[in-house]
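For reference, the structure is listed below as structure tokens.
Numbering (this note's numbering), first residue to last: 76 to 514.
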């Protein structure tokens, strides 16, 4: 136990020595250093004690006065050491100030009601420049609100101590913020020797830019030589009112946009006027663009002309067929519909005699015969006034002499037979396979 107390005393002395070297406050001394284990993890707690001869400072008028009483101990978080959270534990005193009354004293390591020391807030603000605020809060085991307050403190200090001398050129622009029509107005210094952000205001109204000129001051505004902005009407009005002697430079992108809109408006007016007169406008925006392109020199004009392709008369039926079939077949169809220059079937592509064809193992199936030449019963539907009616024919009533068929070719063939009984000889028209295929 003696060794443990000795080691704790030595470590406490070492921590107090480090704090006195890097964080010494006049009128206050560091007391005991303890290693505690609160709910949120292990932490170092350092007691801060005021000097006996040091009178408290009023937080209102910054004047020293007699001490009135003491409040409950209050914890102030300091920069972590060796991955451990460090807290200053101090009992705040109240001051009996003759001007402000009884107020809480002002301590040098914190400001107002912040639970973080000023040193720790600057530490978080520097890390917030490299990481996101949420990541900074996770790494150093604090909250997002504490990181936000630290950054706000650094920005406020920067605005109070900014050097605004020698500014000759500024730029005004806006950015979209959050969802919906929410914008922020930004003012930059755009001198050749220095470029930085000067001011940020909510919305993009005339009042927003007026607040900047009030903050900037009349003497500095009179020294401005150049102001660059877009063609937003509130910006133009405020700049003309507050800095009329400066040269107002407009953004080239917005000028080109307004010129394009003016050209479109004139074109629409001309088209509307022609339609009211009953005339169909010929030059549209696409046609004007094509006309401008045609006026430019074609770099392919110096190339030698390619071999002309055979063409036909414009508007012919073969041109339309060629245009439809060329992308499908990928063939030169310039002579579609003309005469054949040579045989389309070579002599060697003809089929061998039927004797050899029958001796093949996989013979092609023979074509189906005409129904009139097949023996057996068939059903013939003949349309009459009362609808369709079936009529069956037997095998012996369908006899045809092939020698007679060869004589008549494509003409009707007389057939002697009875379809209903003896005594009636109707003629059945039998055609060649060619005509039956057309049927």
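Cβ coordinates follow ideal geometry from the N, Cα and C atoms, glycine included.
As the structure is a prediction and not an experimental result, all values here were calculated from the model.
Using a Cβ distance threshold of 8 Å, residue 167 and residue 149 count as a contacting pair. For the options 206, 106, 201, 354, the alpha carbon positioned closest to that of residue 124 is the one of 106. Considered as a whole, the stretch 252 to 303 harbours 258 to 265, 270 to 277 as its complete beta strand (DSSP E) runs of no fewer than 3 residues, in chain order. The three-state reading of DSSP puts residue 167 in strand, counting E and B together.
Per DSSP, residue 193 is one residue of the alpha helix (DSSP H) stretching across 193 to 203. According to the DSSP assignment, residue 214 belongs to the alpha helix (DSSP H) that extends over 208 to 214. Taking a cut-off of 8 Å on C-beta distances, the stretch 156 to 164 does not touch the stretch 129 to 144, as fewer than three cross pairs fall below it. In the three-state DSSP reduction, residue 329 falls in the helix class (H, G or I).
In the DSSP assignment, the residues bridged to residue 244 are 301. One alpha carbon belongs to residue 119, the other to residue 269, and they sit about 44 Å apart. Counting C-beta pairs with one atom in each stretch, the stretch 323 to 335 and the stretch 303 to 314 have three or more that are closer than 8 Å, which means they touch.
Put simply, of 267, 245, 294, 209 the residue whose alpha carbon is nearest the alpha carbon of residue 274 is 245. The beta carbon of residue 185 is closer than 8 Å to those of 151, 191, 192, 193 in its chain, skipping five residues each way along the sequence.
Residue burial annotation: residue 253 is exposed, with fewer than 16 other C-beta atoms found within 10 angstroms of its C-beta.
Residue 176 has its alpha-carbon roughly 11 Å from the corresponding atom of residue 141. Rounded to the nearest whole angstrom, the C-alpha separation of residue 289 and residue 232 is 19 Å. Residue environment analysis places residue 317 among the buried positions, since at least 16 neighbouring C-beta atoms fall within 10 angstroms of its C-beta.
In the structure shown, residue 336 adopts helical secondary structure according to DSSP, grouped into three states. Note on residue 212: 16 or more other CB atoms within 10 angstroms of its CB, so buried under the neighbour-count rule. Pairing residue 121 with residue 104 gives a Cβ-Cβ distance that is not under 8 Å. Within its own chain, the residues whose Cβ lies closer than 6 Å to the Cβ of residue 279, once the five positions on either side in sequence are excluded, are 249, 258, 260, listed in chain order. Residue 321 and residue 143 have their C-alpha atoms some 58 Å from each other. Residue burial is scored here from C-beta neighbours: residue 319 has fewer than 16 other C-beta atoms within 10 angstroms and is therefore classed as exposed. When the five nearest sequence neighbours on each side are left out, the beta carbons in the same chain lying within less than 6 Å of the beta carbon of residue 265 are those of 244, 246, in order along the chain.
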